[in-house]
Amino acid sequence: MDLFSLMVVLLANWDSWSLEDLITVMLQDIDDSEDSFWAILQAVCSSIEDEHTGRDWWVFPRSDCWWENLAGCVKYSRIIIEILANRRKLFCKFVGLPRGRRLNEIINRFEGLSNIPLIVGARDGCQIRLRKKPAARHFPAEYWNRHHHHSVLLQGVSDSDRNFLDVACLLPGSQHDATHLRLSSLWHKFTNNLIFQVPQKTLTLPAASTGNSGRIRGDDQIIIKPYLVGDAAYPLTPYIMKAFNTRRTSTGEKNDFDKALRRCRVRIEHTFGLLKSRWKICDTGCPLRIEEVADCVMACCVLNNFVNYGGNSIRETD
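In mature numbering (1 follows the signal peptide of the UniProt record, and there is no 0), the protein residues as written are -18 to -1, 1 to 300.
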């Protein structure tokens, strides 16, 4: 049983079993470490309050048929979707764009990897496989991707430590990464200058690029703000940097720059790999209805950061 499935079982059966009685049985079947289990469990229990019933999240149910119904509970849990996705409280607490001291720390780590300043995150897309073909009313052909299976498109931004800073799951798998980006809230924030206005660096163009006069004019000083790195699928903009040439046939200087940039961009690929290795529902195929898939994927991204942060929220790391 993977950690996500265990989480589902615990949250779907909370009424009378004490945690101490349950933990001995459950740890026999868990694939992850006990520390990871406790990090997730404590984060959820301390972050969610049941305003309607006031019931204790640390108590779990006793049922004669509980073990026989385990497969049904693990059937990928509309419970986990309701708790983690519909209640945006946990998403806002554990996934968010950095600011202040945390922003500077992320920039410094990326610069240490590449010697390129002001990189704040790496962005890429990832296909989340669907186990079943979507119903006809959802136009299943839209979900058929270039890898020849049905999927939805997850796009994320990660820091250098494989934490998600931003995630979006808006489009079917056949759509292009650039289209997904332009429809996301992150694009709106960038284009309206709502994020990453500081720190800044001023770049002065060399004299050779200023015209025949050879003089530096005031408008030849460019202000650089924090930006993301992406692959060739994304447009080159003031807030997304990509490599000169993916085939490494450019000049030596350009190839060196591309190599350094790839050291940063690969971090989002590592983050997606970590997500799929921890939460198998994102790797082997999501069996939920298409209306629920996006919320389930977002919940897994939140849980990924739960484990990475050790139960601390992003506000506690600012």
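All C-beta atoms, glycine included, are put in the ideal place defined by N, C-alpha and C. All figures in this text were calculated on a predicted structure; none of them were measured in a lab.
Practice problem: Could you tell me whether the region 179 to 187 touches the region 230 to 250, using the rule of 3 or more Cβ pairs below 8 Å? | Solution: Between the region 179 to 187 and the region 230 to 250, the count of C-beta pairs closer than 8 Å stays below three; the two stretches do not touch.
Exercise. Within its chain, find whatever has a CB closer than 7 Å to the CB of residue 171; leave out the 5 residues flanking it on each side and keep chain order.
Key: Excluding positions up to five away in sequence, the list reads 177.
Quiz item: Cβ of residue 97 within 7 Å of any heavy atom in the ligand GDP?
Solution: No copy of the ligand GDP appears in this structure; indeed no ligand is present at all.
Quiz item: To the nearest angstrom, how far is it from the Cα of residue 159 to the Cα of residue 247?
Solution: Those two C-alpha atoms are separated by around 15 Å.
Quiz item: Got a sec? Which residues, its chain only, sit under 6 Å from residue 124 by beta carbon, not counting five neighbours each side?
Solution: Same-chain partners within the cutoff: 154 and 156.
Quiz item: Residues bridged to residue 105 by DSSP?
Solution: Partner(s): 139.
Quiz item: Would DSSP call residue 279 helix, strand or coil?
Solution: Three-state result, residue 279: helix.
Quiz item: If you run the structure through DSSP and keep just helix, strand and coil, what is residue 120?
Solution: Per DSSP, reduced to three states, the secondary structure at residue 120 is helical.
Quiz item: Secondary structure at residue 236, three-state DSSP: helix, strand or coil?
Solution: Assignment of residue 236 by DSSP, reduced to helix, strand and coil, places it in the helix class.
Quiz item: Can you tell which of 76, 92, 88 and 220 has the C-alpha that lies nearest to the C-alpha of residue 245?
Solution: Nearest C-alpha to residue 245: 92.
Self-check item: Coarse secondary structure for residue 77, derived from DSSP in three states
Solution: Coil, per DSSP.
Self-check item: Under 8 Å between C-beta atoms of residue 88 and residue 102
Solution: When the beta-carbon positions are compared, residue 88 and residue 102 come within less than 8 Å of each other.
Quiz prompt | Cα-Cα separation, residue 288 to residue 141 | solution = So the alpha carbons of these two residues sit roughly 15 Å apart.
Quiz item: Residue range of the beta strand (DSSP E) that residue 183 falls in?
Solution: Judged by DSSP secondary structure, residue 183 falls within the beta strand (DSSP E) whose first and last residues are 183 to 186.
Exercise. Please name the residue or residues paired with residue 148 in a DSSP beta bridge.
Key: Per the DSSP secondary-structure output, residue 148 pairs in a beta bridge with 139.
Quiz item: With a CB to CB cut of under 7 Å and the five nearest residues on each side skipped, what residues in its chain are close to residue 169?
Solution: Residues of the same chain with a CB within less than 7 Å of the CB of residue 169, apart from the 5 flanking positions on each side, are 163 in chain order.
Quiz prompt | Nearest residue (CA-CA) to residue 213, options 223, 205, 281 and 206 | solution = It is 223.
Exercise. Name, in chain order, the residues that DSSP records as bridge partners for residue 163.
Key: Looking at the DSSP assignment, residue 163 forms no beta bridge with any residue, so it has no partner.
Practice problem: Give the single residue among 145, 174 and 241 whose Cα lies nearest to the Cα of residue 282. | Solution: Closest in C-alpha terms to residue 282, from the list 145, 174 and 241, comes 145.
Self-check item: Cα-Cα separation between residue 106 and residue 83, rounded to whole angstroms
Solution: In a straight line, the C-alpha of residue 106 is about 25 Å away from that of residue 83.
Practice problem: State the Cα-Cα distance for the pair residue 128 and residue 271, rounded to the nearest angstrom. | Solution: Taking the Cα positions, residue 128 is about 22 Å away from residue 271.
Quiz prompt | For residue 158, the three-state DSSP class (helix, strand or coil) | solution = If DSSP states are grouped into helix, strand and coil, residue 158 belongs with coil.
Self-check item: Neighbourhood of residue 290 by C-beta distance below 6 Å, restricted to the same chain and skipping five residues each side
Solution: 145, listed in sequence order.
Exercise. Report yes if the C-beta distance between residue 137 and residue 118 is below 8 Å; otherwise report no.
Key: In this structure, residue 118 does not lie closer than 8 Å to residue 137 by Cβ.
Self-check item: Integer Cβ distance of residue 100 from residue 134, believed to fall under 8 Å
Solution: About 32 Å separates the two Cβ atoms, so there is no contact after all.
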